[in-house]
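**Q** Here it is: the structure, laid out below.
Number of protein chains: 2
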Amino acid sequence: MMKSAQVVKALAALAQPTRLAIYRLLVASGPEGVAAGQVAERLKVAPATLSFHFKTLSHAGLVDSRQDGRFVYYSANFAVMNGMVAYLTENCCGGNPDACKQTNINEN
Amino acid sequence: MMKSAQVVKALAALAQPTRLAIYRLLVASGPEGVAAGQVAERLKVAPATLSFHFKTLSHAGLVDSRQDGRFVYYSANFAVMNGMVAYLTENCCGGNPDACKQTNINEN
DNA sequence: TCTATTGTTAAACAATTATTAAATTGTCAG
DNA sequence: CTGACAATTTAATAATTGTTTAACAATAGA
């Protein structure tokens, strides 16, 4: 089980519109990753701002990076995301993952 | 599918140690809810601070409240939590919820 | 009604976060 | 080596967030 502090860090990293968009873009782009500049262009974010957000995501363990020539390729790391979802699922329903879904059915 | 902005709001609400602890306590305490004072005592949080955090959680739709006499009982609302987990699961693995688990197996 | 209890609100403040512009590092091509 | 390119770092600033104290509402009970 992931530690609470690490979960908070991961949640905080994703709790920002630009960073959530970055993460989604990386997830959709596969394991080879996307160059920082491409992300900047696609999401219309200034390079310095993007670096700042990458650092936050990276520090939370949500993304990996690899340098290739002048480019830095970022990719999603699913381990932390998975741990986070597992933590939420378990702590959302008191060990019964289906409880939420049942609640959801009742309320939709 | 939950909107991205609502997901960000829910993530932000939980991305704080005290609020995550509050939510977990409410989840563990069942649908009847817990009085604010009990939460304050259990988590050792000042009343005003707790009210502030309850407001954030409430505004994100993660908790419900009901007044009973002098007491205000808070309870977890699973609908938003469930929507959030569903959003993350879908956007984490590009529509394939198992991808994360497989990645996890590889990295553990 | 008076008083104690429960909880929220308001104001002030410290700490953190997000953004920008400018300077810096590292890499490649000529 | 030089110049251009890709990205990060730094410094400054604005905005947001978390906490505390004090004041405020609402309810219950004597």
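Those sequence lines, one after another, are chains A and B. Under this note's numbering, the residues of the first sequence are numbered 331 to 438, in order. Under this note's numbering, the residues of the second sequence are numbered 331 to 438, in order. Every residue, glycine too, gets a C-beta built ideally from N, C-alpha and C.
#1: Near MET332/B, what residues of its chain come up, given a Cβ to Cβ distance below 6 Å and the 5 sequence neighbours on each side ignored?
#2: Comparing C-alpha positions only, which one of VAL415/B, THR379/B and VAL393/B sits nearest to GLU362/B?
#3: May I have the straight-line CA-CA distance separating HIS383/B from GLU420/B, to the nearest angstrom?
#4: Quick check on the DSSP output: the beta strand (DSSP E) that includes ARG400/B runs from which residue to which?
#5: For the candidate residues SER381/B, LEU355/B and VAL415/B, whose alpha-carbon lies nearest to that of ALA406/B?
#6: Whole angstroms are fine: how far does the CA of ALA342/A sit from the CA of THR348/A?
#7: Report yes or no: is there a C-beta of chain B within less than 8 Å of the C-beta of THR433/A?
#8: Starting from SER346/B, find everything on chain A with Cβ-Cβ shorter than 9 Å and list it in chain order.
#9: Strictly below 7 Å CB to CB, what residues from chain A border ARG396/B?
#10: With 7 Å as the limit, tell me which residues of the segment 396 to 410 of chain B have their beta carbon closer than that to any beta carbon of chain A; keep them in chain order.
#11: Can you pull the chain A residues whose beta carbon is under 9 Å from the beta carbon of LEU387/B, in chain order?
#12: Indicate the three-state DSSP secondary structure (helix, strand or coil) for ALA365/B in the structure shown.
#13: Compute the distance between the beta-carbons of ALA366/A and LEU350/A, then report whether it is under 8 Å.
#14: Would ARG372/A count as contacting chain B if we go by Cβ distances under 8 Å?
#15: Can you tell me whether ALA406/B is helix, strand or coil according to DSSP?
#16: Rounded C-beta distance between VAL369/B and TYR404/B? I'm assuming under 8 Å.
#17: Is the separation between the beta-carbon of VAL410/B and that of ALA390/B shorter than 8 Å?
#18: Between which two residues does the alpha helix (DSSP H) harbouring LEU344/B extend?
#19: Taking only beta-carbon atoms, is GLU437/B less than 8 Å away from chain A?
#20: In chain order, what residues of the same chain lie with their CB nearer than 6 Å to the CB of SER395/B, ignoring the 5 residues before and after it?
**A** For this structure:
#1: Here residue 332/B corresponds to residue number 2 of the second sequence, with the count starting at 1. Cβ neighbours of MET332/B beyond the five flanking positions: GLY413 and TYR417.
#2: Along the second sequence, one-based indexing puts residue 362/B at 32. Out of VAL415/B, THR379/B and VAL393/B, VAL393/B has the C-alpha closest to the C-alpha of GLU362/B.
#3: Counted from its first residue, the second sequence places residue 383/B at position 53. Counted from its first residue, the second sequence places residue 420/B at position 90. In a straight line, the C-alpha of HIS383/B is about 28 Å away from that of GLU420/B.
#4: Taking the first residue of the second sequence as position 1, residue 400/B is located at position 70. From DSSP, ARG400/B is part of no beta strand (DSSP E); its letter is neither H nor E.
#5: Stepping through the second sequence from its first residue, residue 406/B is reached at position 76. For ALA406/B, the nearest C-alpha among the options comes from LEU355/B.
#6: Stepping through the first sequence from its first residue, residue 348/A is reached at position 18. Stepping through the first sequence from its first residue, residue 342/A is reached at position 12. The alpha-carbon atoms of THR348/A and ALA342/A are separated by roughly 12 Å.
#7: As a working mapping, residue 433/A is identified with position 103 in the first sequence. Per-residue confidence for THR433/A stands at a pLDDT of 43, beneath the threshold of 50, marking its modelled position as unreliable; no derived number is given.
#8: Residue numbering aside, residue 346/B sits at position 16 when the second sequence is read from its first letter. As written in the sequence, residue 346/B is Gln, which differs from the Ser given in the question. Residues of chain A passing the Cβ test: VAL338, LEU341 and ALA342.
#9: Taking the second sequence and counting its residues from 1, one reaches residue 396/B at position 66. Here the premise fails: no neighbours, minimum Cβ distance about 16 Å.
#10: PHE408 and ALA409
#11: Numbered from 1 along the second sequence, position 57 holds the residue referred to as residue 387/B. Correct list: empty, because the minimum Cβ distance to chain A is about 13 Å.
#12: As a first step, residue 365/B is located in the second sequence; it is residue number 35 there, counting from the start. Note: ALA365/B maps to strand in three-state DSSP.
#13: As a working mapping, residue 366/A is identified with position 36 in the first sequence. As a working mapping, residue 350/A is identified with position 20 in the first sequence. Result no, Cβ atoms of ALA366/A and LEU350/A do not sit closer than 8 Å.
#14: Start at 1 with the first residue of the first sequence, and residue 372/A comes out as number 42. Not closer than 8 Å to any Cβ of chain B, the Cβ of ARG372/A fails to qualify, so no.
#15: As a first step, residue 406/B must be located in the second sequence, where it is residue number 76. In the structure shown, ALA406/B sits in a strand (DSSP, three-state: E or B).
#16: The count along the second sequence starts at 1 and reaches residue 369/B at position 39. The count along the second sequence starts at 1 and reaches residue 404/B at position 74. Yes, they are in contact, since the Cβ atoms of VAL369/B and TYR404/B sit about 7 Å apart, within 8 Å.
#17: Counting from one through the second sequence, the residue named residue 410/B turns up at place 80. Counting from one through the second sequence, the residue named residue 390/B turns up at place 60. Yes. Within cutoff.
#18: By 1-based counting over the second sequence, the position of residue 344/B is 14. From DSSP, the alpha helix (DSSP H) with LEU344/B extends over 334 to 344.
#19: For this step, residue 437/B is matched to residue 107 along the second sequence. Reliability fails at GLU437/B, whose pLDDT of 31 lies under 50, so the model's placement of it is uncertain and the value that follows must be treated cautiously. Taking Cβ atoms only, chain A reaches closer than 8 Å to GLU437/B, which makes this a yes.
#20: Looking up residue 395/B in the second sequence gives position 65. Counting only Cβ-Cβ distances below 6 Å, and skipping sequence neighbours, we find VAL402 and TYR404.
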